[in-house]
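*Asks:* Take a look at this one; I'll ask things after.
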Amino acid sequence: MSDARYVNGFSVIAEIAVNNGPIGGIAATADGSRLITTNGNSVSVIDTRTCAVVQTITGIEEPFAVAMAAADGDRVYVNTASAAYDAVAVIDVRAAAVVGMHPLAFNVTDLAVSPDAKHVFASRTEGERADIAIVDTTTHDVDVVEIAAAPGVTAQHARISADGQRLYVAANGPYDGRLVVIGARERHIVGSIQIGSPIRDVALSHDGSTAYVASCGTDFSAVVDVVDIRTSMVTSTAKVLGIGRFVTQLALSRDGDRAYLVSDSGVTVLSIYEQEIIGAITARTQPSCVIESPDGRRLYVADYSGSVTVASIASPIVQAADEDITAGLPRLLMLEPALT
């Protein structure tokens, strides 16, 4: 990620050249020692101590989504596509090898793994059908929860709650979106929250009380809705201006105080509570996805040129941003009520 720079609490300390095509997804092991990236027909394993690629698993066609469970830090799940079928590939991180494959019909758009690693949830779309495939990682049995059967509806952005009880999936139509709530054990829809625009990403608070939903307004601005999980109500909506045409990811910091909005112009960091900008990392190369290290000290920013930028996070970042925000950067973020 060329020309990245320090901005309000972030200091770029390294750039890792993965060099295997655009990076579509990124994940970190629970101990933070390894990063996993999905690239062009390959998956790479990065040593976070040396900031170097230590293994690359090839022969995985068109991987994009990547997910892993805290209970099984040695295994990662990625989607793969072929002319015959889509599938979920199981990769042993330490052995750097594919150790299993779960074939699935339809187009897989995202993956989530239950905290105990017993089930993989795959959002899928094909023609006029959108659903969730629930794969038992031991028996390989597949259950299906239908989300919609209508033209133009897609299922995307699967997120599992920390307790494994609820799965949240974006059901997008041509002009709006719904956050669908599925009982992971009951295996049926238990709720649905209407969102005014097509959903670009979903992030869940670590205590399971709140969902943050990023969407794209009719004027291509980003909109962030805050959803109370207990009441299934949108409690606030804010339009975010000046961060690029499209938001492609919304991720939360490990402490839950910050939200990272990835767009074509860079990564904008928001305070969850004050809804104010507290940092940004900009670059000429468009970022694709981000993740914080488990200890919250580093931010990893992957991009479409095949690199991962490593940024150190100041502690506490909010104080670093508040010291004199007007002296360093113009105000990049403006919040105003979103049109409904």
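Throughout the sequence shown, residue numbering follows this note's numbering, covering 274 to 613 in sequence.
By construction, the Cβ of each residue, glycine as well, lies at the ideal position given by its N, Cα and C atoms.
1. Determine the extent of the beta strand (DSSP E) in which F394 is found, giving its start and end residues.
2. Starting from F283, trace the beta strand (DSSP E) in both directions and tell me its first and last residue.
3. Tell me whether the segment 356-367 and the segment 445-463 touch, counting them as touching only if at least three CB pairs, one residue from each stretch, are closer than 8 Å.
4. Using the rule of at least 16 other Cβ atoms within 10 Å of the residue's Cβ for burial, across every protein chain shown, is H479 buried or exposed?
5. Which same chain residues end up closer than 6 Å to T353 when comparing Cβ atoms and leaving out the 5 residues on each side of it in sequence?
6. Using alpha carbons as the reference points, say which of S578, I502 and D498 lies closest to S509.
7. When you compare only the Cα positions, how much space is there between A403 and L452?
8. Which class does E609 belong to by DSSP, given the choice of helix, strand or coil?
9. Could you check what DSSP says for Q438 in three-state terms: helix, strand or coil?
10. Suppose the cutoff is 6 Å on Cβ atoms and the five residues either side in sequence are ignored; what does the same chain contact list for A431 look like?
11. Among R322, S355 and P388, which has the Cα closest to the Cα of A343?
12. Given a cut-off of 8 Å, decide if G579 and P376 are closer than it, judged by their beta-carbon atoms.
13. According to the neighbour-count rule (16 or more other Cβ atoms, all chains shown, within 10 Å of its Cβ), is V349 buried or exposed?
14. Can you round the beta-carbon distance between I309 and A300 to whole angstroms, since I take them to be within the 8 Å contact cut?
15. Between A484 and V500, how many whole angstroms is the CB-CB distance? I'm expecting something under 8 Å.
16. What are the complete beta strand (DSSP E) segments, minimum 3 residues, inside the segment 415-484?
17. Measure the Cβ-Cβ separation of R307 and I289 and say whether it is below 8 Å.
18. Mind reading off the beta-carbon distance from R571 to V583? Whole number of angstroms is fine, and I expect it under 8 Å.
19. What is the DSSP secondary structure of P567, counted as helix, strand or coil?
20. Rounded C-beta distance between L534 and A495? I'm assuming under 8 Å.
21. Applying the 10 Å Cβ sphere with the 16-neighbour rule, what's the burial state of H461?
22. By the 10 Å Cβ neighbour count, where 16 or more other Cβ atoms means buried, how is G400 classified, buried or exposed?
23. Take the Cβ of I590 as the centre, count every other Cβ of all protein chains shown within 10 Å, and call the residue buried at 16 or more, exposed below.
24. Are D345 and A390 touching if we call contact CB-CB under 8 Å?
25. Of the choices A338, V316, V426 and V339, whose alpha-carbon is the least far from that of A370?
26. Measure the alpha-carbon distance for F283 versus T491 and round it to whole angstroms.
27. Tell whether a beta-carbon distance below 8 Å holds between G440 and A487.
28. Go ahead and pull the three-state DSSP assignment for T599.
29. From what residue to what residue does the beta strand (DSSP E) around H232 run?
30. Give the straight-line distance between the Cα atoms of F379 and A587, rounded to the nearest whole angstrom.
*Replies:* In terms of the structure at hand:
1. H392 to E399
2. F283 to A290
3. no
4. The residue in question, H479, is exposed, as its Cβ has fewer than 16 Cβ neighbours within 10 Å.
5. I333, E334, P336, A360 and A362
6. D498
7. 13 Å
8. No answer about E609 holds up, because its pLDDT of 40 lies below 50 and its placement is not dependable.
9. coil
10. D383, A385, F394, S396 and V442
11. P388
12. no
13. buried
14. 5 Å
15. 4 Å
16. 415-421, 427-433, 439-445, 450-456, 461-468 and 472-477
17. no
18. 6 Å
19. coil
20. 6 Å
21. exposed
22. exposed
23. Annotation note: pLDDT 45 at I590 (below 50); position unreliable, no value reported.
24. yes
25. V316
26. 32 Å
27. The residue asked about is misnamed: residue 440 is Leu in this sequence, not Gly. Not closer than 8 Å, so no.
28. Here T599 scores only 32 on pLDDT, less than 50, and its place in the model should not be relied on; the value that follows carries that caveat. T599 falls in the helix class under three-state DSSP.
29. What is shown of the chain runs 274 to 613, which leaves residue 232 out entirely.
30. 44 Å
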